[in-house]
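Numbering (the UniProt record's numbering), first residue to last: 1 to 295. Accompanying notes for the structure given below.
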């Protein structure tokens, strides 16, 4: 990568607003991140971050440097892509954002397929909920996103790439595990584990329940959790039931620790979508990734 590493570390800390999260994205230790930022501040003879309080905030000098750092990163990626293109190859950086569920259970297969055709592309993925993915895209921190929730923003292009089916999951040891199906009217009888507000999964489930005639106020929502993995663990522990993607629990369904229980009149199929800034299809790695997803 042509981008200066010290500048890249600074940019990641600024975009993640966290030294810890930046270290996870860069796959280096948190002390190494702090060392790189300190060295850059010494080199520039200025303070780039206000480290007081729980969040890391940019100083005025840091905000100005971030604008240039993003331009340097974009120019470096464009240069690599252009030079590779002269040899008939796709190369450079592909920065993706993804909702948490997609990042854990769907995106790995898509990226493995992409790498088969474009091994020289350097891929980085950061994840959060759907609202976060849209905000991060519009800030310019990622090139594209793969999400499961709806998007209503004129600045964002959205295209469905596949369908994902969701179902009510219960512990394999729950008394209802012997049922062939559950009447919708009985759904309020069981404690539910739900994703947090703002997640695409939560919005899809709420919309499907409303269409089926079930008011959210009638449900017994026991807990709100910020990842699908946490919901799955809670179901296995007997904390309640949850509506999650079938693709998230193949192992659990096979082992019988979790059972999918059809709910009569409730059919949840959500679109998994590619998002990027509105406009023509990009060139380079981002364009190649979009072409693969739509083919």
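Note that CB positions come from ideal geometry on N, CA and C, so glycine has one too.
Which of helix, strand or coil DSSP assigns to residue 273: Residue 273 sits in a strand when the DSSP states are folded into three classes.
Contact belief for residue 272 with residue 106 at Cβ below 8 Å, rounded distance in angstroms: Confirmed, about 6 Å.
Own chain partners of residue 203 with C-beta closer than 6 Å, once the 5 adjacent residues on each side are dropped: Excluding residues within five positions, the ones whose Cβ falls inside 6 Å are 149.
Any beta strand (DSSP E) of 3 or more consecutive residues that is wholly inside the stretch 179-237: DSSP assignment within the stretch 179-237 yields the following whole beta strand (DSSP E) runs of 3 residues or more, N-terminal first: 192-195 and 221-225.
Residue 52 at chain C interface by Cβ criterion, 8 Å: In the structure shown, chain C does not exist; there is a single protein chain.
Three-way DSSP call (helix, strand, coil) for residue 143 in this model: Coil.
Beta-bridge partners of residue 242, as assigned by DSSP: DSSP lists 169 and 193 as the beta-bridge partner residues of residue 242.
Rounded straight-line distance, which links the Cα of residue 290 to that of residue 121: When rounded, the separation of the alpha-carbon atoms in residue 121 and residue 290 is 14 Å.
Segment limits, beta strand (DSSP E) that includes residue 127: In the DSSP assignment, residue 127 falls within the beta strand (DSSP E) that extends over 121-128.
Environment of residue 63 [buried if 16+ CB atoms lie within 10 Å]: Exposed, by the Cβ-count rule.
Opposing strand residues paired with residue 96 [DSSP bridges]: Looking at the DSSP output, residue 96 shares a beta bridge with 125 and 144.
CA-to-CA distance, residue 279 to residue 14, given in whole angstroms: Cα to Cα, the separation comes out at about 27 Å.
Reference residue 281; option with closest CA among 294, 187 and 270: Nearest of 294, 187 and 270 to residue 281, Cα basis: 294.
Simplified DSSP assignment, three categories, for residue 48: DSSP places residue 48 in coil when its eight states are reduced to three.
Delimiting residues of the alpha helix (DSSP H) encompassing residue 17: No alpha helix (DSSP H) contains residue 17, which DSSP labels as neither H nor E.
For residue 57, the residue or residues it bridges with in DSSP: Beta-bridge pairing by DSSP links residue 57 to 50.
For residue 263, the three-state DSSP class (helix, strand or coil): Strand at residue 263.
Residue 97 to residue 22 span [Cα, whole Å]: Distance from the CA atom of residue 97 to the CA atom of residue 22, rounded to whole angstroms, is 14 Å.
Simplified DSSP state of residue 33, which is helix, strand or coil: Residue 33 falls in the helix class under three-state DSSP.
CB of residue 276 within 8 Å of CB of residue 143, strictly: Yes, these two residues count as a Cβ contact at 8 Å.
Residues sharing a beta bridge with residue 258, DSSP: DSSP output for residue 258 lists 171 as bridge partner(s).
Three-way DSSP call (helix, strand, coil) for residue 156 in this model: For residue 156, the secondary structure class from DSSP, reduced to helix, strand or coil, is strand.
Residue 5 classed as buried or exposed, judged by whether at least 16 other C-beta atoms fall within 10 angstroms: Counting the other CB atoms within 10 Å of its CB gives residue 5 a total below 16, which places it among the exposed residues.
Chain-order list of residues whose beta-carbon lies under 6 Å from that of residue 223 (same chain, five-residue window excluded): Counting only Cβ-Cβ distances below 6 Å, and skipping sequence neighbours, we find 193.
Residue 130 and residue 200 closer than 8 Å at C-beta: Against a cut-off of 8 Å, the Cβ pair of residue 200 and residue 130 comes out as a contact.
Expected contact under 8 Å - CB spacing of residue 229 and residue 104 to nearest Å: Residue 104 and residue 229 do touch by the CB rule: their CB atoms are close to 6 Å apart, below 8 Å.
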